[in-house]
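Engineer: When the count follows my numbering, it moves up by one through the sequence shown with no breaks and lands on 442 for the last residue.
For each residue, glycine too, the CB sits at the ideal point set by N, CA and C.
Small disclaimer: the values here were computed from a predicted structure and weren't measured.
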Amino acid sequence: MDQSRWIVWLATAGGLGKAPKAPGTVGTLAALPLVPLFAWGGEYFYMLACGILVVFAIVVAQIYENQHGDHDPKEVVIDEVAGFVVAMLWLPLTWQSFVAAFAIFRLLDAVKPFPISVVDRKVRGGLGVVADDLVAGILTNVLLQIAYTKTDWLGQQLVL
Numbered sequence: 283m284d285q286s287r288w289i290v291w292l293a294t295a296g297g298l299g300k301a302p303k304a305p306g307t308v309g310t311l312a313a314l315p316l317v318p319l320f321a322w323g324g325e326y327f328y329m330l331a332c333g334i335l336v337v338f339a340i341v342v343a344q345i346y347e348n349q350h351g352d353h354d355p356k357e358v359v360i361d362e363v364a365g366f367v368v369a370m371l372w373l374p375l376t377w378q379s380f381v382a383a384f385a386i387f388r389l390l391d392a393v394k395p396f397p398i399s400v401v402d403r404k405v406r407g408g409l410g411v412v413a414d415d416l417v418a419g420i421l422t423n424v425l426l427q428i429a430y431t432k433t434d435w436l437g438q439q440l441v442l
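(1) Can you give me the start and stop residues for the alpha helix (DSSP H) that H228 sits inside?
(2) Beta-carbon of Y326 versus every beta-carbon of chain C: anything under 8 angstroms?
(3) Thinking C-beta only, is D391 closer than 8 angstroms to D415?
(4) Counting C-beta neighbours from all protein chains within 10 Å, is the total for L389 16 or more, i.e. buried, or is it exposed?
(5) State the CB to CB distance for the pair V358 and T294, rounded to an integer number of angstroms; the pair is presumed to be in contact (CB under 8 angstroms).
(6) Is it buried or exposed, S379, if we count other Cβ atoms within 10 angstroms and call 16 or more buried?
(7) Would you mind stating whether P397 and V417 have Cβ atoms separated by less than 8 angstroms?
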């Protein structure tokens, strides 16, 4: 497989981004197995893995954009993968937190409220492709951290 095909495969999360409907939602599914895998290594490993994934996503998105001349096309979903992994940082590994994070993250990414909309409009290149999803992931995480500290509905099993 040549470099161009590898970049397409990586940018589309193994082809999930080529789904005919809701490619961002389908692509986010690729992040689900990464969360427990990263958490298994402990808190510091999870943070390191997040950082590496974010940088990797920026590089892949930039190369894809250079090759195809299109900024943030729907099929590029590596940014959704990185954003969702960030959304789950320090959250309990329960089905409730996965469902809540998935729903909130996808809603924020689709609707793009402030400040996500500003980042989406102003930041270009590979960083721009990934940055709005990172902000959506961070906002998702903050909302769920607040919910977790105020209630017990997310469950007891904490990451680490």
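Structural biologist: Short version:
(1) Given a span of 283 to 442 for the chain in the structure shown, any question on residue 228 remains unanswerable.
(2) Here there is only one protein chain, and chain C is not present.
(3) Taking the sequence shown and counting its residues from 1, one reaches residue 415 at position 133. Taking the sequence shown and counting its residues from 1, one reaches residue 391 at position 109. Going by C-beta atoms, D415 is nearer than 8 angstroms to D391.
(4) Sequence index remark: in the sequence shown, residue 389 carries index 107 (1-based). L389 comes out exposed.
(5) Working through the sequence shown from its first residue, we reach residue 358 at position 76. Working through the sequence shown from its first residue, we reach residue 294 at position 12. Correct: roughly 7 angstroms between the Cβ atoms.
(6) As a position in the sequence shown, residue 379 is number 97, starting the count at 1. Flag for S379 reads buried.
(7) By one-based count along the sequence shown, residue 397 stands at place 115. By one-based count along the sequence shown, residue 417 stands at place 135. Yes, the pair counts as a contact, with Cβ atoms nearer than the cut-off.
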